[in-house]
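What follows is a set of notes on a single structure, which appears directly below.
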Amino acid sequence: MSRMSRGALVRFLLVLGLLGGCLALSLNQKPNLGLDLRGGAQFVFQATGTESTEATAENVDKTVEVLRGRVDALGVAESTLVRQGDDRILVELPGVTNDEEAQEAEERIGQTARLTVHPVVATVASADAKPSKKGNLVVPDADGGFIEVGPTALEGEDITDANAATPTNGVGYVVNVDFSNQGSDAFGKLSATAACATGDANRIAMVLDGTSISSPSVNVPCGGNITNSTEISGDFSQTEASDLAALIEGGALPLELELISDRLVGPTLGAEAIDASIEAGIIGLLLTGVFIIFIYRLVGAMATIALTSYALLAYAMLLALGSTLTLPGLAGFVLAIGMAIDANVLVFERAREEYAAYPSAGLRRALAVGFNKAWSAIIDSNVTTLLAAALLFILGSGPIKGFGVTLSIGVIASMISALIIARVLSEMSVSTKAVESRPAVSGLGNIGRVRAWLDRSDFDIMGKRRMWLGISGAALVLAVTGIATQGLNLGVEFSGGRQLDYSVSQEVSVDDAREAIADAGFGEAVVQGADDPADFTVRTGAISNDEEQQIEDALASIGGEVDKIDDQTIGASLGQELRDKALIAFGIALFAQLLYLAFRFKWTFGVSAVVAMAHDVVLVVGIFAWLGKPIDGIFLAAALTIIGLSVNDTVVVFDRIRERWFGSRPEDSFSEMANKAAIETMPRTINTGLGTLFILAALAVLGGDSLRDFAIALLIGLIVGTYSSVFTATPLLTYFQEKWPMSRVKREKVARTPDDSGAVI
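One rule links them: number in my numbering = place in the sequence shown (from 1) + 221.
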């Protein structure tokens, strides 16, 4: 019989309630799927100049970035925005499935959104009324009439923030706007003048694209004024107020846009590719589960069940947040399931050590101490990842922001899975009399063959740290040489290229068209269907006319007569400004991680971890350069994941060093302590790596072209990150400590009682 305590029972009931809620949400709500999985709406806008701005390629690129910020603010994630030719903009929005939704989306993003603020002069009879003074304007008012307004007092550039809110009377919604210092001064003068006026002149008009959307009276005594902020009222719904706030905060478009075409488009990935990726993920997860059960037996089986619940939890969180799911995001979730085993492995290895030291105390005590001892490493590694994810979301844009959301969901769900669900199940399993009498069945009864072999061996990794650092340095030189000599094969997202629209005489499936174009030598081309099954869009890198003819011939071989409808050069969907924002976000995220590690450990630990992480990313980029593989949006997702893997591995080793360092004597060698810590954590490193390896190998072999390069990049990153945590970061830390000796770090409190206060409530 099980001897479950009250605390364990409470946790068990909480887990059941949590999983029940997640299941209900998953069954009753559909996910938002990205352009690659579901398709959406495609708009082409013609950009025209204004009196002050010419429609050059540079200004069109600026307009693209304003649109991107507007789309992000409206909550439309994982969209595509590129310059087409010199004066057109292509916009693709996921999840739009009919013409009504497409029209609504076009109205929300295509508006110029030039906001100006004016004094109201008088109410007039019609739009044809002649202004009473030169420089005044007659504009439509929000109530359906017309008003004459004076010259512009301030513009949208003077507004620093805008957000939807409920007014003090609680009826409807308004938009609160905050002014810059210059805007505050201008609005103060305008409101002071209106406060002392009577009739219509007591009003101030907010004019958006030539129409007054609000013209309230100034309700302050004469001699007073309004500064810093104000509100725009107009009987708005919540959606209308939120959209207006997003338009105002995003800023006016530098150029005027005219919609010249719109249509619904199919997914960029075929059904076969999506099915293959899902099948590969399932096979990889099954192999991972078998491996964990083989290594950790009963508690491994409990961890596998917890990992299954992780998938449900992560999916429910994605639905609750309304996030958009793309294929790289789906693969990231599958990968995160493999990464989630890391916390379980940490706990189980610690519990094995505890049981080997105090076998008479029993399995339940060993498991409780294992959770408590692993707590600091789990928290530190996940907090560093969450810091990076939060900063990528706040500072990034487009796919960078989307990855920040996906990463955060994955980390939080994995912690709940490992520290609550797996703990409840493991406690239940080792508390039975049958398992207590046969500790080997639990998986915690011995330290494992790898650890036993390492303990018998006499490895002196830190004694040869110069050699290991030399190997890492040589690998970096080789990688940088590849980048310098071979160059980077930038995908169409980074380099731009060509977009070709075709129509064929015979109905052809998108999968067949994609396969024919790939067989012609254009495997990296993005092929989309449209609402007309005979129409296709092909997006490639820069290609010659002869190469374009090869694509046309490939379509003709399966679709009969081919009509080329359009042929346009396109800019990079991950343009310069987006790349700059990404680099800034990465830089600040790395600095935040360094500060956190310096606070939790010492500055030498933080610097060593960040250097090792940079080492891993450069090596992966260098290998891709030597292999000639594309650096595209999918690779970007892989690189971001590698950063998380690298820091996570390093923090686990550093946590063990910190524990040994605190309990040391002044005369003890830091190098020997670091060496012992690296060897003690090696079973965890190997088992975690192998568990993740099964998923990546399945994605690389069975996942199709769409995910092969993604999986290969992560496989390389996994191997390099596993190596660098022991043979780069730790030797570098040892070098820093001997070069600049520092006092011992603060001790982490470790409970040695089997009570249920534990690490997680």
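Yeah, the Cβ is synthetic: ideal placement off N, Cα and C, and Gly gets one too.
A direct Cα-to-Cα measurement between G420 and L534 gives close to 60 Å. Here the region 737 to 750 does not lie against the region 693 to 701, with fewer than 3 beta-carbon pairs under 8 Å apart. Judged by DSSP in its simplified three-state form, I933 adopts helix. When Cβ pairs closer than 8 Å are counted between the two stretches, the region 646 to 653 is seen to touch the region 567 to 585, the count reaching three or more. Of L375, T344, A846, the smallest CA-CA separation from D362 is found for T344.
Note that the C-beta distance between L546 and N908 is not below 8 Å. Relative to the Cα of E321, the nearest Cα in the group S347, L485, I425 belongs to L485. Residue G808 holds the alpha-carbon nearest to the alpha-carbon of L613 among D774, G808, S482. In the displayed model, G356 falls within coil according to three-state DSSP, outside both helix and strand.
I504 is a Cβ neighbour of A919, given a cutoff of 8 Å. Contact between R309 and V265 holds: CB atoms are separated by about 6 Å, below the 8 Å threshold. In the DSSP assignment, H339 is bridged to A426. The C-beta separation of L953 from A833 comes to about 7 Å, placing the pair in contact by the 8 Å criterion.
Taking a cut-off of 8 Å on C-beta distances, the region 521 to 541 does not touch the region 570 to 588, as fewer than three cross pairs fall below it. With respect to G371, N357 sits close: the two C-beta atoms are nearer than 8 Å. Distance check between D787 and each of A819, F757, L721, S829 places L721 closest, using alpha-carbon atoms only.
Closest option to G270, judged by alpha-carbon separation, among T284, G260, G261: T284. For P904, the three-state secondary structure derived from DSSP is helix.
Contact between the region 256 to 264 and the region 451 to 469 is absent: fewer than 3 CB-CB pairs across the two stretches fall below 8 Å. Rounded to whole angstroms, the separation of the alpha carbons of V868 and N593 is 21 Å. According to the DSSP assignment, D456 belongs to the beta strand (DSSP E) that extends over 450 to 457. For D733, the CB contacts under 7 Å within the same chain, skipping 5 residues up- and downstream, are I779 in chain order.
Between N319 and A245, the alpha-carbon positions lie close to 28 Å from each other.
Contact between V590 and T606 does not hold, since their C-beta atoms are separated by about 25 Å, which reaches or exceeds 8 Å. Spatial neighbours of Y956 in its own chain (CB-CB distance under 8 Å, excluding positions within 5 residues in sequence) are listed in chain order as R686, L690. For Q403, the enclosing alpha helix (DSSP H) has its first and last residue at 402 to 416. Distance from the CA atom of V662 to the CA atom of V656, rounded to whole angstroms, is 6 Å. Taking a contact as a CB-CB distance under 8 Å, the pair D870 and G942 counts as one, their CB atoms being some 5 Å apart. When the Cα atoms are used, N423 and A860 turn out to be separated by approximately 58 Å.
Leaving aside the five residues that flank F948 on each side, the residues in its chain whose CB is nearer than 6 Å to its CB run, in chain order, W689. With contacts defined as CB atoms closer than 8 Å, A950 and V842 fail to qualify as a contacting pair. Sequence-distant Cβ neighbours of A350 in its own chain, meaning closer than 6 Å and more than five residues away, are V359. In the DSSP assignment, F266 falls outside any alpha helix (DSSP H) and within the unbroken beta strand (DSSP E) covering 261 to 269. The bridge partners DSSP lists for L485 are A262. The Cβ-Cβ distance between G792 and D282 falls below 8 Å.
Sequence-distant Cβ neighbours of G366 in its own chain, meaning closer than 7 Å and more than five residues away, are T344.
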